[in-house]
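Enquirer: Numbering of the sequence shown is given in the working numbering, commencing with residue 17 and proceeding in unit increments. C-beta: ideal position from N, C-alpha, C; glycine also. The model shown is predicted, which means the values in this text are computed figures rather than measured ones. Below is the structure I would like to discuss, written out as C-alpha cells.
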Amino acid sequence: MSYPFQIKSLEQYHIDYKKSLEDPEGFWSGVADSFEWRKKQPFSKKGLDWNFTEPSVKWFEGAKLNITENCLDRHLDSIGDRPAIIWEPNDPNEKVRTLTYKVLHKKVCEFAQVLRNNGVKKGDRVCIYMGMIPELVVAVLGCARIGAIHSVIFGGFSAQSIADRLYDAEAEYIITCDGAFRGAKDIPLKSIIDDALIGNRTVKRVIVHTRTRTPVSMIKGRDVWWRDEVEDVVESMHEEVLKVPAEEMDAEDPLFILYTSGSTGKPKGVVHTTAGYMLWTTYTFVNVFQYNPGDVFFCTADIGWITGHSYIVYGPLLAGATCLMFEGIPTWPDAGRFWDIVDKHKVNTLYTAPTAIRSLMSYGMDPLKDKDLSSLKVLGTVGEPINEEAWHWYDEHIGKKKCPIVDTWWQTETGGILISNLAGVTPAKPSWATLPLPGVKPVLVDEKGEEVTELTDTHYSGNLCLTMPWPGILRTTWGDHERCRQTYFSTYENKYFTGDGAFKDEEGNFRITGRVDDVLNVSGHRLGTAEVENAINMMAGVVESAVVGYPHELKGQGIYAYVVLDGRNRHEEDDQLTKQDLLATVSRIIGPIAKPDKIQFVSALPKTRSGKIMRRILRKVAEGELENLGDTSTLLDPAVVDEIKEGKI
Ligand code: ATP
Ligand code: MG
17 MSYPFQIKSL EQYHIDYKKS LEDPEGFWSG VADSFEWRKK QPFSKKGLDW NFTEPSVKWF
77 EGAKLNITEN CLDRHLDSIG DRPAIIWEPN DPNEKVRTLT YKVLHKKVCE FAQVLRNNGV
137 KKGDRVCIYM GMIPELVVAV LGCARIGAIH SVIFGGFSAQ SIADRLYDAE AEYIITCDGA
197 FRGAKDIPLK SIIDDALIGN RTVKRVIVHT RTRTPVSMIK GRDVWWRDEV EDVVESMHEE
257 VLKVPAEEMD AEDPLFILYT SGSTGKPKGV VHTTAGYMLW TTYTFVNVFQ YNPGDVFFCT
317 ADIGWITGHS YIVYGPLLAG ATCLMFEGIP TWPDAGRFWD IVDKHKVNTL YTAPTAIRSL
377 MSYGMDPLKD KDLSSLKVLG TVGEPINEEA WHWYDEHIGK KKCPIVDTWW QTETGGILIS
437 NLAGVTPAKP SWATLPLPGV KPVLVDEKGE EVTELTDTHY SGNLCLTMPW PGILRTTWGD
497 HERCRQTYFS TYENKYFTGD GAFKDEEGNF RITGRVDDVL NVSGHRLGTA EVENAINMMA
557 GVVESAVVGY PHELKGQGIY AYVVLDGRNR HEEDDQLTKQ DLLATVSRII GPIAKPDKIQ
617 FVSALPKTRS GKIMRRILRK VAEGELENLG DTSTLLDPAV VDEIKEGKI
C-alpha cells in the first residue's frame, strides 16, 4: 500500500491546499485514482455539482463502485494476511482476536449473504445495536456490501431513543447481540431492543449475535440467530459465497445514516453517501495521522459515534491499516487499561477524547507505572476543545514529548476531520486545531454573516462557517431535507454554519471555542438540552424544566437542571426522593449518560416576553456568575431570577 496523496512536508501542504481550492474537481479526481471503481470516468455528470441554497452537493455522480471492495477485496492480494482488526476484549484475560483482511473479507461476504437471505435489499435501512466486537464491523460492512443503509445506534441508548430512531429511519431490519460487556457491566441489548419494538410496525427481522450468553427471548418469525444464519450460508454455498458480486452503487448513493444528539429533541439523521465519504475518510486518516503501512492504530471511540465510523471502520480499512478495536472502558479493571493495551499491542497511534484524558489524569501517575509506551508515535484528540493542562499532560506523560499531538476538529456532518495539524508535518499549537485540510475553506463571520476582519487582541473571533463543499460533507438529514437546509445552510447565505465559535490567528490557525448553540458535551457524549428537558418533563408532577451545561472537572460539562414542579407534588421534605425519581426517569428515557448532576427546584423559569426561556441567565447562574447576568431588560418577571440565584446549588 502506498498513498500517492500523502502530504509529507509543510511546503507540500501549502501547495496541495492551494490546488484543492483552485481546482477541486481536478484535485479530488486525482485522489480518486487511488481507489477501485466499477466505472470511474467519464463521469456521466460533472465531477462536482453543488449549491448551498437547496442545498445540493454531488461528487462524481454517475461513477460506480462498492465501498467494501475498496475496504477489503482490493487488499487481498497485497496484504491479505495482514491484520485488519486486532480486537482487545473487555476482560483482559479473554483471548485477543485478530482478523486479517482475508478473514474479514470472508466474514463480510458470508454476512452479506445472510442479509440477502433475510430479504434485505439495496436502500433498505438496517439498524445496528451491538457492543464493540468485530461482528459489529462485519455487520456494518455486510450492509454496505449489498447497498443497504446502516444506522448504528450507540449501545448506551435506551429503548425509547432506539424506538424514535427506528421510526424516523423506517428501519425494517435490526442487527443486535444478546448483550454487551462494558467494564463490570453486562448490558442486555436484545432485551432493550425488545422494549424498543413494542408498538413498532416496520421491523421485520432481528438478527441476534451471541456475546454474553444472557438469556434472551426469541420471537418466532421475527428473531433469528446470527450463528445459525451464517452456518446455513456456509453449508449451502461453501466458497462460492466469496464470489457473489457486491452491489454496484452510485457515487452518490447513501451509505449510512447516523443520528446526532440534536438540539431540538427530535433525532437528526445525518446522511453520508458513498464515494465522497470514502475519499474523505481515507485522505484525512492518512494525512492527519501520517499513517504508515504496518502501524497499529488505536481509536478509542465507540462505533456508535461518527469517530468510530470514520476512524475505526472506514478510514483505516480503506487505507489497508491495522486497527485496534477495544470492547471495554478506560477505567476497568483499572485506570491503566489504555496503557496496558498500548504496551501489549505495541500501538503506534492513539486517538482519544479530551474527556478520557482528563479522567485518566485524575488517577495520577500510578496507572502508568511499568507500562512501556515507547511504541507510540502519534497522539490525537477529538470531540471537544482540549484544555492546555490536559494537552501538556498527554504530551509529557503519554507521548514523552516525542509524539506530535493532532487536535482534530470535525463533526458528524463533516464525515471526517476538517481542521487539524498533520502529525509531524504541520506545526501543533496546544489547544488549537490549527490549519484546515485541503478542500476545506473556513471563514469566521459575525452575527450578520459578514467576515470578521477586525482583530480582538491577537486574533479574529467569530462563528465558524465553511464556504466550499469537501467530499465528505453531509448530503441531507434523513426524510427531512428542509431540516438540513434550516439547520446548516440558512443562518448565513451560501455558507455551511458549523454551530461552533472559533478564533483565528494571523497565521491562519483556528482555535475552536465551543458550540454557540445549546448542546451539552458530557464526557464526550452529545446531548441536546431539549432532549434532556423532554425526558425530565415526562415525569409526573413536572411542569417544565430548563437544562444548561456548567464546567465540570472530569466530564467537561455537567448537566444543571432547573425544574418546576406542580404545587401539589412539591413537598420540601420529599425533594431528595423526587430528585431520585427524576434521575431514574431520565435514565429510563434517554440513558444514564443524560442524568443531571445538579437539580434545582424553582417556582418558575426566567422567560422573555415572547415566552422564550432565557438560558443565557440560567447558564450564568449554573456557572456561579451571579453578579454579572448581562442584559435582563427583556425579562418578563425579574423576581424569578432572584429566587433562582438564592436557591443555587
Ligand atoms: P448535534 O449536531 O446533534 O448538536 P454534536 O455537534 O454535539 O451534536 P458531533 O458531531 O459528534 O455532535 O460533535 C461535533 C462537535 O464537537 C463540534 O461541532 C465541536 O463543537 C466539537 N468538537 C469536535 N472536535 C473538536 C475539537 N478538536 N476541538 C473543539 N471542539 C471539537
Ligand atoms: Mg453538531
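Alpha carbons only, please: which of PRO309, GLY574, ILE629 and SER390 is nearest the one belonging to SER18?
Expert: The sequence position of residue 18 within the sequence shown is 2, counting from 1. Nearest C-alpha to SER18: PRO309.
Enquirer: Does the Cβ of ARG542 lie closer than 7 Å to at least one heavy atom of the ligand ATP?
Expert: As a position in the sequence shown, residue 542 is number 526, starting the count at 1. Correct: ARG542 has its Cβ closer than 7 Å to the ligand ATP.
Enquirer: Let me confirm a value: ARG181 is counted as buried when at least 16 other C-beta atoms fall within 10 Å, else exposed. Which label applies?
Expert: Here residue 181 is taken as the residue at index 165 of the sequence shown, counted from 1. Buried: at least 16 other Cβ atoms inside 10 Å.
Enquirer: I'd like to know whether the C-beta atoms of ILE209 and THR192 end up nearer to each other than 8 Å.
Expert: In the sequence shown, residue 209 corresponds to position 193, counting from 1. In the sequence shown, residue 192 corresponds to position 176, counting from 1. Yes; because the gap between Cβ atoms is below 8 Å, this pair is in contact.
Enquirer: Rounded to the nearest angstrom, what separates VAL592 and ILE615 at their Cα positions?
Expert: What you label residue 592 is simply residue 576 of the sequence shown in a count that begins at 1. What you label residue 615 is simply residue 599 of the sequence shown in a count that begins at 1. For clarity, residue 592 is Gln in the given sequence; the question names Val instead. Straight-line Cα distance between these residues: approximately 10 Å.
Enquirer: Which one or two residues does DSSP pair with TYR293 in a beta bridge?
Expert: Looking up residue 293 in the sequence shown gives position 277. For TYR293, which the question treats as bridged, DSSP gives no partner whatsoever.
Enquirer: Can you tell which of ALA164, SER207, THR323 and PRO458 has the C-alpha that lies nearest to the C-alpha of SER174?
Expert: By one-based count along the sequence shown, residue 174 stands at place 158. Checked all of ALA164, SER207, THR323 and PRO458; the closest Cα to SER174 is SER207.
Enquirer: State the Cα-Cα distance for the pair PRO458 and PHE526, rounded to the nearest angstrom.
Expert: Against the sequence shown, residue 458 aligns to sequence position 442. Against the sequence shown, residue 526 aligns to sequence position 510. The alpha-carbon atoms of PRO458 and PHE526 are separated by roughly 9 Å.
Enquirer: Around the C-beta of ASP582, are 16 or more other C-beta atoms found within 10 angstroms, so that it is buried, or is it exposed?
Expert: Residue numbering aside, residue 582 sits at position 566 when the sequence shown is read from its first letter. Exposed, since its Cβ has fewer than 16 Cβ neighbours within 10 Å.
Enquirer: Sorry if obvious, but does the Cβ on ASN537 come closer than 7 Å to a heavy atom of the ligand ATP?
Expert: Within the sequence shown, residue 537 is the residue found at index 521, counting from 1. Yes, Cβ of ASN537 sits closer than 7 Å to a heavy atom of the ligand ATP.
Enquirer: Using the Cβ count rule (16 or more neighbours within 10 Å means buried), how would you classify ILE273?
Expert: Here the question's residue 273 lines up with position 257 in the sequence shown. Looking at its Cβ environment, which holds 16 or more other Cβ atoms inside 10 Å, ILE273 is buried.
Enquirer: At a threshold of 7 Å, does ILE528 count as lining the ligand ATP (C-beta to nearest heavy atom)?
Expert: Taking the sequence shown and counting its residues from 1, the one referred to as residue 528 is at position 512. Yes, the ligand ATP has a heavy atom inside 7 Å of this Cβ.
Enquirer: In chain order, which continuous runs of the beta strand (DSSP E) of length 3 or greater are located wholly inside the segment 244–279?
Expert: Whole beta strand (DSSP E) segments, 3+ residues: 270–276.
Enquirer: Assess contact between the segment 106–121 and the segment 318–326, defined as three or more Cβ pairs (one per stretch) separated by less than 8 Å. Is contact present?
Expert: Counting Cβ pairs under 8 Å, fewer than three are found: no touch.
Enquirer: Quick check on LEU366: does DSSP put it in helix, strand or coil?
Expert: The residue you call residue 366 lines up with position 350 of the sequence shown. Three-state result, LEU366: strand.
Enquirer: Tell me the DSSP bridge mates of ARG198?
Expert: To locate residue 198, count along the sequence shown from 1; it is residue 182. For ARG198, which the question treats as bridged, DSSP gives the partners LYS201.
Enquirer: Between LEU258 and CYS339, which are expected to be in contact by the criterion C-beta below 8 Å, what is the C-beta distance as a whole number of angstroms?
Expert: To locate residue 258, count along the sequence shown from 1; it is residue 242. To locate residue 339, count along the sequence shown from 1; it is residue 323. With 8 Å as the limit, LEU258 and CYS339 do not qualify as a contact, their Cβ atoms being about 22 Å apart.
Enquirer: In chain order, what residues of the same chain lie with their CB nearer than 7 Å to the CB of LYS211, ignoring the 5 residues before and after it?
Expert: Indexing the sequence shown from 1 puts residue 211 at position 195. Note on residue identity: the sequence assigns Asp, not Lys, to residue 211. Cβ within range, chain order: ALA175.
Enquirer: Helix, strand or coil: how does DSSP classify GLN22 here?
Expert: Your numbering for residue 22 matches position 6 in the sequence shown. GLN22: coil per DSSP, three-state reduction.
Enquirer: With DSSP as the reference, label GLN427 as helix, strand or coil.
Expert: Start at 1 with the first residue of the sequence shown, and residue 427 comes out as number 411. Of the three classes helix, strand and coil, the one that applies to GLN427 here is coil, per DSSP.
Enquirer: Within the present structure, is the beta-carbon of GLY515 separated from the nearest heavy atom of the ligand ATP by less than 7 Å?
Expert: In the sequence shown, the residue the question calls residue 515 occupies position 499. It does: the Cβ of GLY515 is within 7 Å (strictly closer) of some heavy atom of the ligand ATP.
Enquirer: Any heavy atom of the ligand ATP closer than 7 Å to the CB of ASP423?
Expert: Taking the first residue of the sequence shown as 1, we reach residue 423 at position 407. Indeed, a heavy atom of the ligand ATP lies less than 7 Å from the Cβ.
Enquirer: How long is the line joining the alpha carbons of ILE609 and ALA577, rounded to whole angstroms?
Expert: Along the sequence shown, one-based indexing puts residue 609 at 593. Along the sequence shown, one-based indexing puts residue 577 at 561. Their backbone Cα atoms lie some 14 Å apart in a straight line.
Enquirer: With a threshold of 8 Å on Cβ separation, who are the neighbours of THR280 within its own chain once the five nearest residues in sequence on each side are excluded?
Expert: Taking the first residue of the sequence shown as position 1, residue 280 is located at position 264. Annotation note: pLDDT 44 at THR280 (below 50); position unreliable, coordinate value reported separately. For THR280, where only same-chain residues beyond five positions count, the Cβ hits under 8 Å are GLY544 and ALA546.
Enquirer: Can you check whether the CB of LEU295 is closer than 8 Å to the CB of PRO20?
Expert: For the purposes of this step, residue 20 is taken as the residue at position 4 of the sequence shown. For the purposes of this step, residue 295 is taken as the residue at position 279 of the sequence shown. The answer is no: Cβ separation not under 8 Å.
Enquirer: Of the choices LYS122, ASN106, GLN427 and GLU27, whose alpha-carbon is the least far from that of GLU85?
Expert: Counting from one through the sequence shown, the residue named residue 85 turns up at place 69. GLU85 has its Cα closest to that of LYS122, out of LYS122, ASN106, GLN427 and GLU27.
Enquirer: Starting from TRP494 and walking both ways along the beta strand (DSSP E), at which residues does that stretch end?
Expert: Reading the sequence shown from its first residue, position 478 is the one you call residue 494. Neither: TRP494 is in no beta strand (DSSP E) and is coded neither H nor E.
Enquirer: Use the C-beta contact count for HIS225: other C-beta atoms within 10 angstroms, 16 or more gives buried, fewer gives exposed.
Expert: As a working note, residue 225 is residue 209 in the sequence shown. HIS225 is buried by the Cβ-count criterion.
Enquirer: Excluding the 5 residues flanking LEU92 on each side, which residues of the same chain have their C-beta closer than 8 Å to its C-beta?
Expert: As a working note, residue 92 is residue 76 in the sequence shown. The residues are TYR117, LYS118 and HIS121.
Enquirer: Looking at the strands, I want to know which residues DSSP matches up with ILE223.
Expert: Your numbering for residue 223 matches position 207 in the sequence shown. Beta-bridge pairing links ILE223 to ILE191 and VAL240.
Enquirer: Taking the alpha-carbon positions, what's the TYR367 to PHE313 distance?
Expert: Numbered from 1 along the sequence shown, position 351 holds the residue referred to as residue 367. Numbered from 1 along the sequence shown, position 297 holds the residue referred to as residue 313. Spanning the two alpha carbons is a distance of roughly 8 Å.
Enquirer: Looking only at its own chain, which residues have a Cβ that is under 8 Å from the Cβ of ILE601, when we skip the five neighbours before and after it?
Expert: For this step, residue 601 is matched to residue 585 along the sequence shown. A quick correction: the sequence has Thr, not Ile, at residue 601. Only ALA551, ILE552, MET554 and MET555 meet the Cβ criterion.
Enquirer: When you compare the segment 241–254 with the segment 127–134, are there three or more beta-carbon pairs, one atom per stretch, that lie closer than 8 Å?
Expert: Touching, per the Cβ criterion.
Enquirer: For CYS87, which three-state DSSP category applies?
Expert: Within the sequence shown, numbered from 1, the residue matching residue 87 stands at position 71. CYS87 falls in the helix class under three-state DSSP.
Enquirer: Out of ALA620, ILE373, ALA335 and PRO346, point me to the one whose CA is closest to LEU570's CA.
Expert: Sequence index remark: in the sequence shown, residue 570 carries index 554 (1-based). With distances taken between Cα atoms, LEU570 lies closest to ILE373.
Enquirer: With three or more beta-carbon pairs closer than 8 Å as the criterion, would you say the segment 375–385 touches the segment 130–147?
Expert: Because the criterion of three Cβ pairs below 8 Å is not met, the segment 375–385 and the segment 130–147 do not touch.
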